[in-house]
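Beneath this line is the structure, given in structure tokens, with notes to follow.
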Amino acid sequence: MSTDLDELQESMSQGQWGEACRWAIEQQLQVARYFGAKRFVPVDSAQVGAEVGTMGEAGIEWVEKLARAGGRFRIPALTAACSVDFKRATRYGVAQAQVDQETRLHQALQQMGCIDTSTCINYQTVSPPRFRQHLAWGDTGAVAFANGVAGARSNYEAGPASIAAALTGMVPAYGFHLEENRLATRVFEVDAPLLGTADWSALGAWVGREIADYWTVPAVVVPDANPGIDEC
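Every position in the sequence shown, counted from 1, becomes a number in my numbering once 1 is added.
This is the structure we're talking about:
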């Protein structure tokens, strides 16, 4: 299945916006073909992984390569949680090699325009999602909140995918960006009282274990409940 490209997307794929942007749109086109996406959809922000424990040296060098190639983010991009508290690294006994790696990664991301927030709960602090807003977020909890509580639209964008989205300002229109994939496919009705954050957390963990599938959309029905943002 082919993916329709507009004039901007065509120019990106031809390298007119630089090598980093050309890589990004080509990577996204491969994703689009795999999932059968017919078009792209603009996104308002990206949430980028910035943790050396998952990226490793190879991932850091790759991000540095994009920055050296002149990569610039077209939309607001925020860093998710990282593995180093730079102000307290010595106190906590963090190895200097890990501090150096994390520093390199953050410097490369900032060079491309990333906002260094270092949090996985950006939806509670600096970037609350809005209803029907399209996003390219990567943290599982943030994506679940954006989709399930705020009614925004985001797939789980892994490290390279979120960086690609930040470089192009768009994502392939598939998955939870499409209305037909957002309807509940399994309903959980709860008739037990939920007395606090621990009960809501236990409910969420149980629902997750019950479905254990990316495309299942659970609807949790709790009569007369009024959970706050921490319970959600």
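C-beta atoms are modelled at their ideal positions from N, C-alpha and C, and glycine is treated no differently.
Between the alpha carbons of residue 113 and residue 156 lies a distance of about 23 Å. Its chain contains 10, 13, 14 and 169 as the residues whose beta carbon lies nearer than 7 Å to that of residue 26, once the 5 sequence neighbours on both sides are disregarded; these appear in chain order. With 16 or more other Cβ atoms inside 10 Å of its own Cβ, residue 50 counts as buried. For residue 99, the enclosing alpha helix (DSSP H) stretches over residues 97 to 112.
Here residue 171 is bridged, per DSSP, to 43. Straight-line spacing of the CA atoms in residue 202 and residue 189 works out to 15 Å.
Taking C-alpha positions only, residue 219 is separated from residue 106 by approximately 36 Å. Counting other Cβ atoms within 10 Å of its Cβ, residue 138 reaches 16 or more and is therefore classed as buried. Look at the beta carbons and you see the stretch 89 to 102 not touching the stretch 35 to 51: under three pairs across the two are nearer than 8 Å.
Spatial neighbours of residue 125 in its own chain (CB-CB distance under 8 Å, excluding positions within 5 residues in sequence) are listed in chain order as 230. Residue 80 sits buried, since 16 or more C-beta atoms from the chains shown fall within 10 Å of its C-beta. Rounded to whole angstroms, the Cβ separation of residue 163 and residue 31 is 15 Å, and the two are not in contact under 8 Å.
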